[in-house]
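Notes for the one structure printed next.
In my numbering, the protein residues as written are 10 to 408.
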């Protein structure tokens, strides 16, 4: 019977590039930036690595369809390299593969790298109408903002929230991310924005305004993992360990049955349930210290608080406006600025979230450091609410 990977995998090194519009470097330079930081942090050499995974979702221009750019760019010692892609959960998928390799005993030390150089591709989140019927005017919800605007409408209908109240809670989500991102030297967007500016911004897809939507970025992140026993021989006596990583993917139920009202994300709830069971979490609202979630849109973060059990169903609006998820709140969320401000190079995003948890758990997050961090959560959501893949990870120290 499966026993899971709780406490079987230790993270011994992590790195993250500067996120932004990195027009002056290529994908290989971004990977190298993150990898060199992780390698130095781990205190090992390339020759110690047993296998590598590359996560890249949309950047065929720079990456192509194999992991060879990883092996070539990082000058890896002819070890197995694999490329994975799972929409916005791609970075977490790369880490999951590396974790499973270590936990199974297949390799002693593995590396996961996520990278995307989306500013070269022209991808901006609002595809042209000419690129396919999903984005034509007769199917306007096929765009990302259109799909998540429907999530907002369904949430309002289910819980009787007024448009103004939901809009103000969404604005608080974005305001919080901008406040946090302004303190992060690696973030793409580092400018604090006031609530009125957010509320009065141009509409993208009602009720989502400009500041309710995240952009895309160039960037890379990297994790090096091994067993806790090997970590100890390297002088890592209390390493950050993986408590769980779970992924859930749509099977068509949301769009082909009448049991889903569109106000929540089924796969986030399923992945969270499995992750909590694997990690032994009984009360996430009390046990989780902080979280990094997939705030592709402000309403996504709001709904995700309920899907993860960090707010009661129908209670996220009040919790957000009360400051529960602010930097000085009970459960800080997006303490590094999130997708909204740290940035969203799709293939790197999941690993970037883990990077923040890794720093916070070790007390190395600088001016973002929170007190008494015991358990960190990461969450990715790829696709649309009706057809998605969701990943939930939990990270802590050895019990």
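Ideal placement from N, C-alpha and C gives every residue a C-beta, glycine not left out. As the structure is a computational prediction, the values presented were derived from the model and not from experiment.
Check: Does the beta-carbon of residue 219 have 16 or more other beta-carbons within 10 angstroms, so that it is buried, or is it exposed?
Finding: A residue is called buried once 16 or more other Cβ atoms fall within 10 Å of its Cβ, and residue 219, having fewer, is exposed.
Check: For residue 164, which of 274, 93, 238, 358 has the nearest alpha-carbon?
Finding: Out of 274, 93, 238, 358, 274 has the C-alpha closest to the C-alpha of residue 164.
Check: How would you write the range of the alpha helix (DSSP H) that residue 360 sits in, first residue to last?
Finding: For residue 360, the enclosing alpha helix (DSSP H) starts and ends at 355 to 370.
Check: Between the beta-carbon of residue 103 and the beta-carbon of residue 115, is there less than 8 Å?
Finding: Their beta carbons are not under 8 Å apart, which means residue 103 does not touch residue 115 by this criterion.
Note to self: Tell me whether the stretch 165 to 181 and the stretch 195 to 208 touch, counting them as touching only if at least three CB pairs, one residue from each stretch, are closer than 8 Å.
What the structure shows: Touching, per the Cβ criterion.
Next item on the list: Output the distance between the C-alpha atoms of residue 232 and residue 380, rounded to the nearest integer angstrom.
Entry: One alpha carbon belongs to residue 232, the other to residue 380, and they sit about 24 Å apart.
Checklist line | Beta-carbon gap between residue 226 and residue 81 smaller than 8 Å | finding: No, Cβ-Cβ distance for residue 226 and residue 81 is not below 8 Å.
Next item on the list: Only counting runs of 4 or more residues, tell me where the alpha helix (DSSP H) segments fall wholly within the stretch 202 to 260, in order along the chain.
Entry: Those alpha helix (DSSP H) runs which fall completely within the stretch 202 to 260 and span 4+ residues are 204 to 208, 237 to 242.
Check: Leaving out the 5 sequence neighbours to the left and right, which residues in its chain are closer than 7 Å to residue 112 when beta-carbon positions are compared?
Finding: The beta carbon of residue 112 lies closer than 7 Å to those of 14, 17, 18 in the same chain, with the five residues before and after it left out.
Note to self: If I measure Cβ to Cβ from residue 272 and keep anything under 8 Å in the same chain, skipping five residues before and after, which residues do I get?
What the structure shows: Taken in chain order, the residues that qualify are 160, 163, 164, 166, 167, 168, 312.
Check: Quick one: complete alpha helix (DSSP H) runs, 4+ long, within the stretch 16 to 79?
Finding: For the stretch 16 to 79, the full-length alpha helix (DSSP H) segments reaching 4 residues or more read 36 to 51 along the chain.
Next item on the list: Kindly examine the ligand NAD and report whether one of its heavy atoms sits closer than 7 Å to the Cβ of residue 89.
Entry: Only the bare structure without any ligand can be found here, which leaves the ligand NAD out of the picture.
Check: Among residues of its own chain, excluding the 5 on either side of residue 245, which ones have a beta-carbon nearer than 7 Å to its beta-carbon?
Finding: Correct list, in chain order: 19, 21.
Checklist line | Ordered list of beta strand (DSSP E) runs contained in the stretch 326 to 350, each at least 3 residues | finding: Runs of the beta strand (DSSP E) inside the stretch 326 to 350: none found.
Notebook entry, point to check: Sorted by chain position, which residues of the same chain lie with C-beta nearer than 6 Å to residue 91's C-beta, five sequence neighbours on each side aside?
Noted result: Hits under 6 Å: 62, 76.
Notebook entry, point to check: Does DSSP put residue 318 in a helix, in a strand, or in coil?
Noted result: Of the three classes helix, strand and coil, the one that applies to residue 318 here is coil, per DSSP.
Notebook entry, point to check: Quick one: what's got a C-beta closer than 6 Å to residue 346's C-beta in the same chain, skipping five residues either side?
Noted result: Excluding residues within five positions, the ones whose Cβ falls inside 6 Å are 186, 189, 190, 193, 196.
Next item on the list: Return the first residue and the last residue of the alpha helix (DSSP H) that residue 92 is part of.
Entry: Membership of residue 92 in any alpha helix (DSSP H) is not indicated; the residue belongs instead to the beta strand (DSSP E) covering 90 to 93.
Check: In three-state DSSP terms, what is residue 472?
Finding: Limits of the chain in this structure are 10 at one end and 408 at the other, which puts residue 472 out of reach.
Notebook entry, point to check: Going by beta carbon distance, what residues of the same chain come within less than 6 Å of residue 368, once the five residues before and after it are set aside?
Noted result: These residues qualify, in order along the chain: 374.
Margin query: I need the straight-line Cα distance from residue 290 to residue 152, nearest angstrom please.
Written below: Residue 152 has its alpha-carbon roughly 36 Å from the corresponding atom of residue 290.
Margin query: In the DSSP assignment, the beta strand (DSSP E) including residue 392 goes from what residue to what residue?
Written below: 384 to 393 is the span of the beta strand (DSSP E), which, as asked, contains residue 392.
Next item on the list: Work out the CA separation of residue 236 and residue 54 for me, nearest whole Å.
Entry: Taking the straight line from one Cα to the other gives about 17 Å.
Next item on the list: Classify residue 73 as buried or exposed, calling it buried when 16 or more other Cβ atoms lie within 10 Å of its own Cβ.
Entry: Counting Cβ neighbours within 10 Å, residue 73 comes out exposed, since fewer than 16 surround it.
Check: If we ignore side chains and look at the alpha-carbon of each, how far apart do residue 306 and residue 124 end up?
Finding: A straight line joining the alpha-carbon of residue 306 with that of residue 124 spans about 21 Å.
Next item on the list: Identify every residue that forms a DSSP beta bridge with residue 299.
Entry: Note: residue 299 sits in a beta bridge opposite 385.
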